[in-house]
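Chemist: Input: one structure, supplied below.
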Amino acid sequence: MEYKIEDIDKKFDAEVLQNLGNSEFVVKIKGKERNLKILNITSKGIEFILDQSYHFVKYLEDSTAKMRVVVDGVPITLNRHHQLNEIVYKNVGGSGSEGDSQLYLKSQIPGKVVSVNVKEGDKVKKGDVICVLESMKMQVSIKGHKDGTVKKLKLKKGASVAKNDILAEIE
Amino acid sequence: MEYKIEDIDKKFDAEVLQNLGNSEFVVKIKGKERNLKILNITSKGIEFILDQSYHFVKYLEDSTAKMRVVVDGVPITLNRHHQLNEIVYKNVGGSGSEGDSQLYLKSQIPGKVVSVNVKEGDKVKKGDVICVLESMKMQVSIKGHKDGTVKKLKLKKGASVAKNDILAEIE
Amino acid sequence: MIEKILIANRGEIALRVIKTCKILGIKSVAVYSDEDVNSLHVKNATESYHIGEASPAQSYLNQDKIIEVALASGADALHPGYGFLSENADFTILCEKKKINFIGPSGKAMHLCGDKMKCKAVMEKANVPTVPGSSDLVKDVDDAVKIASKIGYPVLLKSVFGGGGRGIRLVNNDNELREAFEAATGESMAAFGKSALLVEKFLQKIRHIEFQIGRDSHGNAVHIFERECSIQRRNQKLIEMSPSPVVDQKIRDKIGELAIKAAIAVDYENLGTAEFLRIDDGSFYFIEINARLQVEHPVTELVSGLDLVKLQIDIANGEEIPFKQKDLVLNGCAIECRINAEDTFLDFAPSTGPVPDVKIPSGPGVRVDTYLYPGCSVSSFYDSLMAKLVTWGETFDESRRRMRTALNDFYIEGVETSIPLYKTILESKEFIEGKLSTDFLKRYKILDRLKDDLKKEILSKSDVALAAAVIHSEYLKSRVKSSPGQNIRWKAQMDRA
Amino acid sequence: MIEKILIANRGEIALRVIKTCKILGIKSVAVYSDEDVNSLHVKNATESYHIGEASPAQSYLNQDKIIEVALASGADALHPGYGFLSENADFTILCEKKKINFIGPSGKAMHLCGDKMKCKAVMEKANVPTVPGSSDLVKDVDDAVKIASKIGYPVLLKSVFGGGGRGIRLVNNDNELREAFEAATGESMAAFGKSALLVEKFLQKIRHIEFQIGRDSHGNAVHIFERECSIQRRNQKLIEMSPSPVVDQKIRDKIGELAIKAAIAVDYENLGTAEFLRIDDGSFYFIEINARLQVEHPVTELVSGLDLVKLQIDIANGEEIPFKQKDLVLNGCAIECRINAEDTFLDFAPSTGPVPDVKIPSGPGVRVDTYLYPGCSVSSFYDSLMAKLVTWGETFDESRRRMRTALNDFYIEGVETSIPLYKTILESKEFIEGKLSTDFLKRYKILDRLKDDLKKEILSKSDVALAAAVIHSEYLKSRVKSSPGQNIRWKAQMDRA
């Protein structure tokens, strides 16, 4: 299987070569054979000794396209490499902000809506302030992710929004 | 319901008087009404605020006769008060050692059998050394719990025993 | 003698105060909002009272409700922590009225500390140097020019109707000042119908250095050394340490003496902090007194060996401070990192929600003050400080290395944290050399370096991630299919493992 | 320079050494038995190697296997911890042969420290006072009487074929000695065909006080203060502290000097401990040198500010000790409680098994060295020390109060622990007054007091226990039955709660 790691422009290969029994395996990572001994495995995480080093990996998300894991405390996103994935991946972008082609403006933080600065039908530019949220004593301006027209506003002053809630549709 | 606590020679009463809703209750403990608000409850433990103080109670064991709980870190055994219980309870004794009427000699520690000092058929007195166990670099003599004849020995030199394993039957 | 203390706060500082109460055998009374019913301060206090809804205005800022609980619970004293009501002079006065021993300065002193202009005037009278500039509003443009030429350019022209950087103009000479004055006056007249301007020296490459002060009701006053708190974001401290790399014993004595003078000038009682700005030529300027226990007090505790909460309680009890200035020895070096729930790359925006798992570091010289536990939650109603990671070492380098290791061992699941940022800072040449300033992050492009570090860290863990991924796939396959041969053996092994 | 250390140990001490390795940037190599595959030292080391079956003889005492792993892993040094191979002179010599830097004294010095009779002779020559008595076997009964009258009655007559209290006779005068000598000789001849007797002064109300010593390869030697370790059970230390309540600076200087003399006498290099007995008249008698890092070393770390494992590594690297005796200041007071898995009331019998839940205390001045984590297991193959709870305070009383609070906050599920015993000791008048002796538990009937305290504690929690019991019954009923009315509402509430 080939994987892409985060937004690193390279493919990495990994496969299980052999099951040695007694929870021990030979795996091939980036072309190199390594010994792997499982101490503990569930659907949520795995503890193993790779060659001579202990590691603890948690699985946070696992879809066909990507897998989010926490390796010894370090969060890493692995993208399973298909043709299709590559396209989606490029559009989503690696930095956490939504790509220009996306319809929805989502909130990257939870908070309370302090002000709504646009109306449905308004024309907005990328970077215009759409609304202001308050969270943890701070006011944060949420800016439009692209040029377009505000099609739908899913915001009300005083309401609470969660992380990843859709705030607006911009077309 | 009446309870006995550990080996304290007294009965204590406790009952739920009223369900106030919203996880709040009025309970009557030792004749006094108290307010109880549940924060969290499962079959294994409960967190609640009694009057104004937070408590965390774990349930370790729950049989019809007795209940072992850990109250804010303090282990406590409650005995539900029936006529029958009282008899059994007196016989078992409060100090952790088995009463004289018990058939079985049990090990109160885990360990490896270092020596077996009696044979089946031997007559033994209460306090005679039946065997020696080794655990955590220490040798511990296991003494007979009553006078009688060794009916069965469930011991082999070099074998491991777990806590509460039966070591011998003495009749 | 204080026997029962109501703690009008939440989070780690409420836990911190409870800890000292327990050690002294004093009963503690916690208060909590709807949001905090499962918080550790509720669980650790002797008694806990619900005081209202999640929003601070409905709970932790609700003065009447808190006083009501204090009276109902029989608390004879109140500890305000930091934030919330801790520097609210009205609340202090309310406590005084209700005969509740407020653990902190008098309402009068607090009021004076809170009024920056008045406080500055008092300090000037007491010969405590403040940031050069007009001690009051400037009368007109000529007055402004006169002051500016006295303190030297560049200067800042500030409108009192501004705030948050608005209405502030940087000018380099008389001409620029005259122009800016006209513009600012016009702007302000248009917006507010009136104008009020100040002139202040523009300080560059500033360090924020503060002195812990203590003064008892008998008039004994001491300082308990300095804390350097220059590493900040958005004017909020991130990392604090004691000693400061630019303060030696001579400077400590001198500025410490000024800090004590400042405390006396406002008749300050109990513990407080005198904040100074220090510029590259070595000058210190007083800016304000924080009339409370600071977030960063553990730094001082570790280098002085004192329990500052105990000292607060002792002073509130009317006792004398049990040591003299000369008895205090600054021992080793302490560093604190504020572990915030925030996304460094989203302009430090808050990150909230459930925290399913936490691993808290430990070891020689490591102290963690935190409200976190596995299964807890970071609320969006309150501030973003989840934990204070503090390390002590014989030397700065030992303290720094212990901090670096502890940061690595600190795992908080579910929210973004400032931990990765601190790892990068702690490893930076500039931090190691003590080249600190309030613009440290920007000056040394720390966020760019952080990005590089994260990339490197991910690459260094990529082998492990890939191994985990392929084993996970096999594991899932083995659980879905019941295929013959090897897979059954595999499954058996997996289940046993 | 040491770059990779194999730690030939397990449990908390392996973790302790790993911690310093991490801070210094040194790679660590853990070894583990079948029983320890899920242990924290395996998870925290840079590399981990399996070395055999659970039984120590098959793993942690397997010299050849450990040397093999050291060589295979490329470790350039080996830290033995305490116990296991740490004081095995043969193993030290094997390391020397294989060019593995053994972090500890030379095999020669270790051999001498291990031979008590030889060591005593060396100390006598070096003018380090040892327990008065025959420096070798007594020739005959007249020799015994001569020695006894010199050292003064009462004396102990000891057979070298005894051990564990057998063959020891307490005598009060010449007549008793002559009688006892005859009896002992007869007994020994009958049992062993030969007799070998010693005479030694009978010491009463003994304190166990030891001095931490350090000596580098350049001949620099220091002591790092004393530790009082008098509270024991079965000759094993339970509670240690520094300073000792009976050691002032004058005594510290004097006995510390003796401890250094003792180290020089056996040409001791690296860190070690000189153990003394102290009797009520203030006399100190050297008994032995422990040629390793002690379990109780954190006590010394907290009052000296030193990292003793780092100091061990520095000395093994051939560096000079980076301070002089006069630079060392004993700061505050530290107390350690050894948290053992044992049942105090079953004559301290081991208690082993799974530990489903653990809560580890924290707070200002609290340090915990432990291998425990929720879900771990206490093995019956190894010793009973699960954790070391250490507290520091400015004063003895502050340290004691912090310990008392931390003991209360320490929760270990599944095994019996010595925590309740320590709570009783810490609250006892005699402990508070520093009236310590090796027979402390017996002398002050501590176990009887513990029983009373437990009863009181249970009674104080009985209301809560009863409340939990009735609510639990209702809860179970509500889940079993699906009865109408109130019970359905109840169930809904329960499930929501």
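Chains as they are written, first to last, in the working numbering: chain A, 1 to 171; chain B, 172 to 342; chain C, 343 to 839; chain D, 840 to 1336. In this text, a Cβ means the ideal position worked out from N, Cα and C, and glycines have one as well. Here the structure is a predicted model, which is why all the values come from computation and not from measurement.
Helix, strand or coil, according to DSSP, for R838(C) in the structure here?
Modeler: Numbered from 1 along the third sequence, position 496 holds the residue referred to as residue 838(C). Summary for R838(C): the model assigns pLDDT 47, below 50, so the residue's position carries little reliability, and this model does not support an answer.
Chemist: DSSP has I368(C) in a bridge; who is on the other side?
Modeler: Here residue 368(C) is taken as the residue at index 26 of the third sequence, counted from 1. Paired residue(s): none; I368(C) is not in a bridge.
Chemist: Please compile the residues from chain D whose C-beta is within a distance smaller than 8 Å of the C-beta of S704(C).
Modeler: Stepping through the third sequence from its first residue, residue 704(C) is reached at position 362. By Cβ distance, chain D contributes I1199, S1201, R1206, V1207.
Chemist: Count the other C-beta atoms from every protein chain shown that fall within 10 angstroms of the C-beta of E1140(D), then say buried if there are 16 or more, exposed otherwise.
Modeler: Here the question's residue 1140(D) lines up with position 301 in the fourth sequence. Buried: at least 16 other Cβ atoms inside 10 Å.
Chemist: Could you check whether H1047(D) and A1098(D) sit closer than 8 Å to each other, using their CB atoms as the reference points?
Modeler: Position 259 of the fourth sequence, counting from 1, holds the residue named residue 1098(D). Position 208 of the fourth sequence, counting from 1, holds the residue named residue 1047(D). It is not a contact, given that the beta carbons lie outside the stated cut-off.
Chemist: Please list, in chain order, the residues of the stretch 771–804 of chain C that have any C-beta partner in chain A closer than 9 Å.
Modeler: If the cut-off is 9 Å between Cβ atoms, the stretch 771–804 of chain C has L796, K797, E799, I800, L801, S802, K803, S804 near chain A.
Chemist: Would you mind sorting T320(B) into buried or exposed? The rule is 16 or more other CB atoms within 10 Å of its CB.
Modeler: One-based indexing of the second sequence puts residue 320(B) at position 149. It counts as exposed.
Chemist: As a quick exercise: from P1200(D), S1218(D), T1263(D), pick the residue whose alpha carbon is nearest that of L357(C).
Modeler: What you label residue 357(C) is simply residue 15 of the third sequence in a count that begins at 1. Of the candidates P1200(D), S1218(D), T1263(D), the one whose C-alpha sits nearest the C-alpha of L357(C) is P1200(D).
Chemist: Can you grab the Cα-Cα spacing for the pair E963(D) / K1284(D), in whole Å?
Modeler: Here residue 963(D) refers to the residue found at position 124 of the fourth sequence. Here residue 1284(D) refers to the residue found at position 445 of the fourth sequence. Looking at the two C-alpha atoms, the distance is approximately 37 Å.
Chemist: Give me the residue from S141(A), L36(A), S160(A) with the minimum Cα distance to L50(A).
Modeler: Indexing the first sequence from 1 puts residue 50(A) at position 50. Nearest option by C-alpha distance: L36(A).
Chemist: Could you give the uninterrupted runs of the beta strand (DSSP E) lying entirely in the stretch 51–87 of chain A, keeping only those of 3 residues or more?
Modeler: Complete beta strand (DSSP E) runs here, min 3: 53–62, 66–71, 74–80.
Chemist: For G244(B), decide whether its Cβ has a neighbour in chain D, counting only Cβ atoms nearer than 8 Å.
Modeler: Counting from one through the second sequence, the residue named residue 244(B) turns up at place 73. So, interface residue.
Chemist: For the candidate residues G1253(D), K1268(D), Y1221(D), whose alpha-carbon lies nearest to that of E874(D)?
Modeler: Position 35 of the fourth sequence, counted from the first residue, corresponds to residue 874(D). Ranking the options by Cα distance to E874(D), first place goes to Y1221(D).
Chemist: Counting only beta-carbon atoms, is E842(C) nearer than 8 Å to chain B?
Modeler: The displayed coordinates of chain C run from 343 to 839. Any statement about residue 842(C) would go beyond what the structure contains.
Chemist: Which whole-angstrom value describes the C-beta separation of P692(C) and E755(C), a residue pair presumed to lie in contact below a C-beta threshold of 8 Å?
Modeler: As a first step, residue 692(C) is located in the third sequence; it is residue number 350 there, counting from the start. As a first step, residue 755(C) is located in the third sequence; it is residue number 413 there, counting from the start. Contact doesn't hold; Cβ gap of about 17 Å is too wide.
Chemist: Return helix, strand or coil for D7(A), following the three-state DSSP convention.
Modeler: Counting from 1 along the first sequence, the entry for residue 7(A) is found at position 7. Correct three-state label for D7(A): coil.
Chemist: When DSSP labels each residue in this structure, what does H560(C) get in the three-state scheme?
Modeler: The sequence position of residue 560(C) within the third sequence is 218, counting from 1. Correct three-state label for H560(C): coil.
Chemist: Are any of the Cβ atoms in chain C nearer than 8 Å to that of A14(A)?
Modeler: Sequence index remark: in the first sequence, residue 14(A) carries index 14 (1-based). It does: the Cβ of A14(A) has a partner Cβ on chain C nearer than 8 Å.
Chemist: What in chain C is Cβ-close to S224(B), meaning under 8 Å?
Modeler: Counting from 1 along the second sequence, the entry for residue 224(B) is found at position 53. The contacting residues are T388, E389, S390.
Chemist: Count the other C-beta atoms from every protein chain shown that fall within 10 angstroms of the C-beta of Q654(C), then say buried if there are 16 or more, exposed otherwise.
Modeler: Within the third sequence, the letter at position 312 stands for residue 654(C). The residue is buried, with at least 16 neighbouring Cβ atoms inside 10 Å.
Chemist: Looking at chain D, is there any beta carbon in it that lies within less than 8 Å of the beta carbon of L20(A)?
Modeler: The count along the first sequence starts at 1 and reaches residue 20(A) at position 20. No, L20(A) does not count as interfacial toward chain D.
Chemist: Using a Cβ cut-off of 8 Å (strictly closer), state whether V359(C) contacts chain B.
Modeler: Mapped onto the third sequence, residue 359(C) falls at position 17. False, the Cβ-Cβ gap to chain B never drops below 8 Å.
Chemist: Is there a Cβ from chain A that is less than 8 Å from the Cβ of P716(C)?
Modeler: On the third sequence, position 374 is the one that residue 716(C) refers to. So no, P716(C) is outside the interface.
Chemist: Roughly how many whole angstroms lie between the Cα atoms of L648(C) and G674(C)?
Modeler: Mapped onto the third sequence, residue 648(C) falls at position 306. Mapped onto the third sequence, residue 674(C) falls at position 332. Distance between the alpha carbons of L648(C) and G674(C): 14 Å.
Chemist: With a 10 Å radius around its C-beta and 16 neighbouring C-beta atoms as the bar for buried, classify V113(A) as buried or exposed.
Modeler: What you label residue 113(A) is simply residue 113 of the first sequence in a count that begins at 1. With 16 or more other Cβ atoms within 10 Å, it is buried.
Chemist: Taking only beta-carbon atoms, is G121(A) less than 8 Å away from chain C?
Modeler: Translated into the one-based positions of the first sequence, residue 121(A) becomes position 121. Output row for G121(A): interface = no.
Chemist: Helix or strand or just coil, what does DSSP make of R353(C)?
Modeler: On the third sequence, residue 353(C) is found 11 positions in, with the first residue counted as 1. The displayed chain sequence assigns Gly, not Arg, to residue 353(C). In the structure shown, G353(C) sits in a helix (DSSP, three-state: H, G or I).
Chemist: Skipping 5 residues on each side, what residues in its chain have a beta carbon closer than 7 Å to that of F690(C)?
Modeler: Within the third sequence, numbered from 1, the residue matching residue 690(C) stands at position 348. Once the five neighbours on either side are set aside, the close Cβ partners of F690(C) are R575, R576, E684.
Chemist: Assuming K1044(D) contacts S1216(D) (C-beta within less than 8 Å), just tell me the rounded distance between them.
Modeler: Position 205 of the fourth sequence, counting from 1, holds the residue named residue 1044(D). Position 377 of the fourth sequence, counting from 1, holds the residue named residue 1216(D). Contact doesn't hold; Cβ gap of about 40 Å is too wide.
Chemist: Got a sec? Which residues, its chain only, sit under 7 Å from I1258(D) by beta carbon, not counting five neighbours each side?
Modeler: Indexing the fourth sequence from 1 puts residue 1258(D) at position 419. Cβ neighbours of I1258(D) beyond the five flanking positions: I1178, L1246, F1249.
Chemist: V384(C) touches chain B at which residues, Cβ-Cβ below 9 Å?
Modeler: As a position in the third sequence, residue 384(C) is number 42, starting the count at 1. Neighbours of V384(C) on chain B, chain order: L210, I220, Y225.
Chemist: Return the Cβ separation of V513(C) and V497(C) in integer angstroms, given the expectation that the two are a contact with Cβ distance under 8 Å.
Modeler: Taking the third sequence and counting its residues from 1, one reaches residue 513(C) at position 171. Taking the third sequence and counting its residues from 1, one reaches residue 497(C) at position 155. Going by Cβ atoms, the distance from V513(C) to V497(C) rounds to 6 Å, so yes, they are a contact pair.
Chemist: What residue does the alpha helix (DSSP H) around N883(D) start on, and which one ends it?
Modeler: For the purposes of this step, residue 883(D) is identified with residue 44 of the fourth sequence, where counting begins at 1. First-last of the alpha helix (DSSP H) with N883(D): 879–883.
Chemist: Quick check: what's the CA-CA separation for L924(D) versus G705(C)?
Modeler: As a first step, residue 924(D) is located in the fourth sequence; it is residue number 85 there, counting from the start. As a first step, residue 705(C) is located in the third sequence; it is residue number 363 there, counting from the start. Computed Cα separation, rounded: 25 Å.
Chemist: So, are the CB atoms of I986(D) and V977(D) less than 8 Å apart?
Modeler: Counted from its first residue, the fourth sequence places residue 986(D) at position 147. Counted from its first residue, the fourth sequence places residue 977(D) at position 138. Taking 8 Å as the Cβ cut-off, I986(D) and V977(D) qualify as a contacting pair.
Chemist: Would you identify the three-state DSSP class for Q1164(D), choosing helix, strand or coil?
Modeler: Stepping through the fourth sequence from its first residue, residue 1164(D) is reached at position 325. Of the three classes helix, strand and coil, the one that applies to Q1164(D) here is helix, per DSSP.
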